[in-house]
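Residue numbers (the working numbering): 1 to 190. Beta carbons: idealized from backbone N, C-alpha and C, even for Gly.
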């Protein structure tokens, strides 16, 4: 139910407030966070507002959409407008090297995982890629393993979920899906 302060608001006003929160947030907003900020006890009311906003954005073909990502909700620009947004930003996001992408994939699928396990699977040292992924906040140290030398245990972050447009780790493609994709992907060898 709505709190005293919000009980007199119309649905349009509540939608405008939630839209403002989404616009101002630099990370995905969870329903719990919105409940706290809005002092609304019922998550169904917030979910109803979010559904209404998403439908409105879609029906009006706005330049952005509401995305459920990393356990929360975030306004994102439409992919078909990417080239203009990039011109505005004028900085190209640095791409991850193949080694970093391989390392990230292993950590994402095998987490929690030790660096030595990643190196065993890749067959090479992965100190550089691990440092890069830590700097970009795509992975984090989850703790230390109770083994000689107390090696660090790695896992992915919320930033990883945001970058790859995932709500949670269960949204990662399965091995079967990846294999099917590999069979349909054009061969880039020349």
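Reduced DSSP category for residue i - H, G, I as helix; E, B as strand; rest coil
{"i": "residue 175", "result": "helix"}
{"i": "residue 78", "result": "coil"}
{"i": "residue 67", "result": "strand"}
{"i": "residue 72", "result": "strand"}
{"i": "residue 141", "result": "strand"}
{"i": "residue 103", "result": "helix"}
{"i": "residue 30", "result": "coil"}
Distance between residue j and residue i (C-alpha atoms, nearest Å)
{"i": "residue 70", "j": "residue 124", "result": "31 Å"}
{"i": "residue 15", "j": "residue 116", "result": "49 Å"}
{"i": "residue 39", "j": "residue 132", "result": "40 Å"}
{"i": "residue 34", "j": "residue 54", "result": "16 Å"}
{"i": "residue 170", "j": "residue 108", "result": "11 Å"}
{"i": "residue 58", "j": "residue 183", "result": "33 Å"}
{"i": "residue 176", "j": "residue 17", "result": "43 Å"}
{"i": "residue 82", "j": "residue 63", "result": "10 Å"}
{"i": "residue 66", "j": "residue 76", "result": "6 Å"}
{"i": "residue 118", "j": "residue 128", "result": "12 Å"}
{"i": "residue 197", "j": "residue 147", "result": "Absent from the model: residue 197. The displayed extent of the chain is 1 to 190, so no value can be given."}
Neighbourhood of residue i by C-beta distance below 7 Å, restricted to the same chain and skipping five residues each side
{"i": "residue 102", "result": "122"}
{"i": "residue 31", "result": "43, 46, 47"}
Nearest-angstrom Cβ-Cβ length linking residue i and residue j, presumed shorter than 8 Å
{"i": "residue 158", "j": "residue 114", "result": "22 Å between Cβ atoms; not a contact."}
{"i": "residue 141", "j": "residue 154", "result": "6 Å"}
{"i": "residue 88", "j": "residue 96", "result": "The pair is not a contact, with the Cβ atoms about 23 Å apart (cut-off 8 Å)."}
{"i": "residue 162", "j": "residue 28", "result": "7 Å"}
Neighbourhood of residue i by C-beta, 6 Å cutoff - its chain only, sequence neighbours within 5 removed
{"i": "residue 150", "result": "144"}
{"i": "residue 160", "result": "138"}
Residue i - partner residues in DSSP beta bridges
{"i": "residue 153", "result": "114, 143"}
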